[in-house]
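Enquirer: Residue numbers for the sequence shown follow our numbering, beginning at 26 and rising by one.
For every residue, glycine included, the Cβ atom is placed at its ideal position computed from N, Cα and C.
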Amino acid sequence: MYDFDKLINRSGTYSLKWDVPDGELPMWVADMDLQTAPEIIAALRRRIDHGIYGYNIVPDEWYDSYISWWQKRHHVTLRRDSLMFCTGVIPAVSSIVRKLTTPNENVLMLTPVYNTFFNSIANNGCRAVQCDMIYDGNKYSIDFARLDKMLADPQTSFMILCNPHNPTGNIWDKETLEKIGTLCKKHDVIIISDEIHCDLCDPGLEYTPFVSLPEELSDISITCLAPTKTFNLAGIQTAAIYVLNKTLYHKVWRGINTDEVAEPNVLAVPAAIAAFNEGEKWLDELRSYIYENKRLVIRYLGENIPEMSVAESHATYLLWLDCTRLTQNTDKLADHIRKEGKLFLTAGSHYGKSGSGFLRMNIAAPRESVHEGLRRLGRAVNAAGEDVLC
Ligand SMILES: Cc1ncc(COP(=O)(O)O)c(C=O)c1O
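1. Mark residue 229 as exposed unless 16 or more other C-beta atoms lie within 10 angstroms of its C-beta, in which case mark it buried.
2. How big is the Cα-Cα spacing for residue 92 and residue 351?
3. Report the option in 65, 49 and 217 whose CA atom is closest to the CA atom of residue 305.
4. Spatial neighbours of residue 367 within its chain, please: CB distance less than 7 angstroms, with the 5 preceding and 5 following residues excluded, ordered by chain position.
5. In chain order, what residues of the same chain have a beta carbon less than 7 angstroms from the beta carbon of residue 377, not counting five sequence neighbours either side?
6. Return the bridge partner residues of residue 157 from the DSSP annotation.
7. DSSP on residue 82, reduced to helix/strand/coil?
8. Run the proximity test for residue 275: is its beta-carbon closer than 7 angstroms to any non-hydrogen atom belonging to ligand 1?
9. Report the residue from 150, 121 and 143 whose alpha carbon sits nearest the alpha carbon of residue 128.
10. Taking just the CA atoms, how far does residue 238 sit from residue 203?
11. So, at 8 angstroms on beta carbons, what are the nonlocal neighbours of residue 72 in its own chain, with the 5 sequence-adjacent residues on each side left out?
12. Please report how far the alpha carbon of residue 325 lies from the alpha carbon of residue 140, in whole angstroms.
13. Alpha carbon to alpha carbon, what distance is there between residue 58 and residue 327?
14. Which residue wins for smallest C-alpha separation from residue 164, given the options 338, 242, 316 and 74?
15. Quick check on the burial criterion: 16 or more other C-beta atoms within 10 angstroms. Buried or exposed for residue 312?
16. Ignoring anything shorter than 4 residues, give me the alpha helix (DSSP H) runs that lie fully in the segment 229-271, in order along the chain.
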C-alpha cells in the first residue's frame, strides 16, 4: 500500500504550481502534490549518488521500457525504429509545427483543449483553429460534420488530438478515433496524437492508442508519449515520439534534433525506465485514489454548490467544472475564488472560446487538500455577488 494521504510541503522547491502567495491553495497546473513511486525515487537516488552528471545516451533499456509498457498495459507492440526520445511533449509538438509547416497553415484542435497547444501553434507561425465539441450539459462529443468541414480547408495541415482529452477527460473509443482518422486521411491532414494522459483513466478503463488503428490511419499519425503525467515527473522532462511512417519519422527526427530537444538530461532516462518497469503497482493504487477524489468532488458539489457540476470525465486528474448556471464567463469568478477563497483554479477561457463557462480543477493531491479546496470553493462561490457572476 502506498501512502497518498501524506501531505508534503512543496514550498521552497521552486515549484511552478506553488509559486503563489502564502496561504493560497493551488489546484491549477497539471502536476501532482503526491510523491512519485518509491521505486522511481530509488532509481533517481542511485543516479544522483553517482555524482558524475555528464552527457547521456538513449540506451536500449529506454526503448525496451516503452515497448513492454505499451504491450502490457495497452496491448500494442511498438516498433523500436519508430520511437525517439524528446525532452517533452510540448517541445515535440512545437518542433513538429515549426519544422513541418509553412507560415500561416492551420492546426486544428477539438476545443476546449489544453491551453499550451495554442502557444505551440501561434509561436511557430501557424493559426490555431478551434473545432468546438458538442456539450450536452453533461458530457462532450465531437461534431463530425463541423470537423469534416474544417479539415477540408486546404490550409489545414495538422490536427492535434488529445487522447485522452485534457480538460474534459474524454477517452476516445476506437470507433471515434477511426472516424477522426478517416476524415484526416480524406483531407490530407496529419494527426498529432498527444497521449500523455493515457495511463490516468478511471480504474478498469483503458484508452485506445492511435497507432492501434488500421495501418492506413496509423500511417498519418505522430504520437507523443510520456511517463511524466502518470508518475508525476513533469520537471524531469522526459518523453517520446512515435512515428510509423518512415518519411514522416525522418522529418520529425531531423526537426527535434535541429531544435535541440532530442537529448536526455541525466535523470530523464533512468526516470522513464524505472517508471515503466517498476511503477505499475503504484499506478494502479494512484488511479483508485484519484477516482475517489473525483467522487468526493462530485458529491460535494451536489450537496453544497448545486449550480456547479463536473462534466462527465473518465480520464486525467483534471476536473472540468461546469459553471454555466452561475455565469457564462468564469474569468471574474476564477479571480474572485483566488482572491477571496485563496484557491487557485484555472478559468475555462484559457482552453478556447467554448471553455469560458467552466473552471479547471486539479485533484491530484492528498484527500485532505481536496477537502480543503472544496471548502474554499464553496465559501467563495456562495459569497460571490452579481458583479462576479454577471
Ligand atoms: C495534454 C498535455 N500535453 C502536454 C503537456 C505537457 O507536456 P510536457 O511537460 O511533456 O511538455 C500537458 C501538461 O499539462 C498536457 O496536459
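Expert: Short version:
1. The residue labelled residue 229 in the question sits at position 204 within the sequence shown. Per the 10 Å Cβ criterion, exposed.
2. Mapped onto the sequence shown, residue 92 falls at position 67. Mapped onto the sequence shown, residue 351 falls at position 326. Going by the C-alpha atoms only, they are around 47 angstroms apart.
3. The residue you call residue 305 lines up with position 280 of the sequence shown. Checking every option, the nearest Cα to that of residue 305 belongs to 65.
4. Counted from its first residue, the sequence shown places residue 367 at position 342. Taken in chain order, the residues that qualify are 48, 49, 50 and 401.
5. On the sequence shown, residue 377 is found 352 positions in, with the first residue counted as 1. Closer than 7 angstroms at the Cβ level, and outside the excluded window around residue 377, lie 136, 137, 138 and 155.
6. Walking along the sequence shown from the start, residue 157 turns up at place 132. Bridge partners of residue 157: 136.
7. Position 57 of the sequence shown, counting from 1, holds the residue named residue 82. Residue state, collapsed to three classes: coil.
8. If you number the sequence shown from 1, residue 275 lands on position 250. No, the beta carbon of residue 275 sits no closer than 7 angstroms to any heavy atom of ligand 1.
9. For the purposes of this step, residue 128 is taken as the residue at position 103 of the sequence shown. Among 150, 121 and 143, the Cα nearest to that of residue 128 is on 150.
10. The residue labelled residue 203 in the question sits at position 178 within the sequence shown. The residue labelled residue 238 in the question sits at position 213 within the sequence shown. Spanning the two alpha carbons is a distance of roughly 7 angstroms.
11. Sequence index remark: in the sequence shown, residue 72 carries index 47 (1-based). Here the set comprises 291, 292 and 295.
12. One-based indexing of the sequence shown puts residue 325 at position 300. One-based indexing of the sequence shown puts residue 140 at position 115. Spanning the two alpha carbons is a distance of roughly 27 angstroms.
13. As a working note, residue 327 is residue 302 in the sequence shown. As a working note, residue 58 is residue 33 in the sequence shown. The alpha-carbon atoms of residue 327 and residue 58 are separated by roughly 25 angstroms.
14. In the sequence shown, counting from the first residue as 1, residue 164 sits at position 139. Considering only alpha carbons, the answer is 338.
15. Here residue 312 refers to the residue found at position 287 when the sequence shown is read from its first residue. Residue 312 is buried by the Cβ-count criterion.
16. 240-243
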